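Let me begin by presenting the structure, written as structure tokens, before commenting on it.
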Amino acid sequence: MPSLTSHAGQAAAEPRAGADPRVAAAPGQPAVLFVLQRDSEEIRRVLAALQAPVRECADGRGAIAAAQAVPLCCAIVPLQMADMGASALIRSLHAAAPGLAVLVVVDSPAVSEAVAVMRSGAHAVIDSRILSTGLMVHLAPFLRSR
3 MPSLTSHAGQ AAAEPRAGAD PRVAAAPGQP AVLFVLQRDS EEIRRVLAAL
53 QAPVRECADG RGAIAAAQAV PLCCAIVPLQ MADMGASALI RSLHAAAPGL
103 AVLVVVDSPA VSEAVAVMRS GAHAVIDSRI LSTGLMVHLA PFLRSR
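With the numbering used here applied, the sequence shown corresponds to residues 3 to 148, in that order.
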């Protein structure tokens, strides 16, 4: 299943102390947040090709801290992290940064997984088998609007 899309959004948080940036955004410039995952190197290549400002974090707690600390244009998260699942993280990210678009990367998603994540507020579910294409399609509109 390629990807599903439901709604878009952007955060407007003020910069404060938060997760350590790997590729820093200019002050006040919204960044793409991504939680490290199995496909991190491929995600980094896509973000570099798009010249996207990036904030990386290791887990859900780091993602929430980043969403509270800096402006983000969207987030890329795996279905499951060591400290929480994508649905719980989406709810927490939306509380910290209302309207933030969250792209969930899933390995060979079942329809029920995709539906559950979309119902919890994901902007899109991206099948890891077509990760580069799926990310390009979903990230480009957020990066054009910055």
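All residues carry an ideal CB built from backbone N, CA and C; glycine is no exception. From a predicted model like this one, the values you see are computed outputs, not experimental measurements.
Counting only unbroken stretches of 3 or more residues, the beta strand (DSSP E) elements lying wholly within the region 65-141 are 74-80, 103-108, 126-129, in sequence order. For the pair ILE45 and ALA67, the Cα-to-Cα distance works out to about 21 angstroms. In this structure MET138 is exposed. Its beta-carbon is surrounded by fewer than 16 other beta-carbon atoms within 10 angstroms. VAL34 has VAL56, CYS76 as its beta-bridge partners, per DSSP.
Classified as buried, GLN70 has 16 or more neighbouring CB atoms from the shown chains inside 10 Å of its CB. For ARG40, the three-state secondary structure derived from DSSP is coil. Distance from the Cα of PRO73 is smallest, within the candidate group ARG146, SER122, PRO32, SER130, for PRO32. Between ALA142 and LEU52 the beta-carbon gap is near 7 angstroms, inside 8 angstroms, which marks them as a contact. Contact between SER110 and ARG131 holds, with the beta-carbon distance rounding to 7 angstroms and staying under 8 angstroms. Spatial neighbours of ALA118 in its own chain (CB-CB distance under 8 angstroms, excluding positions within 5 residues in sequence) are listed in chain order as SER89.
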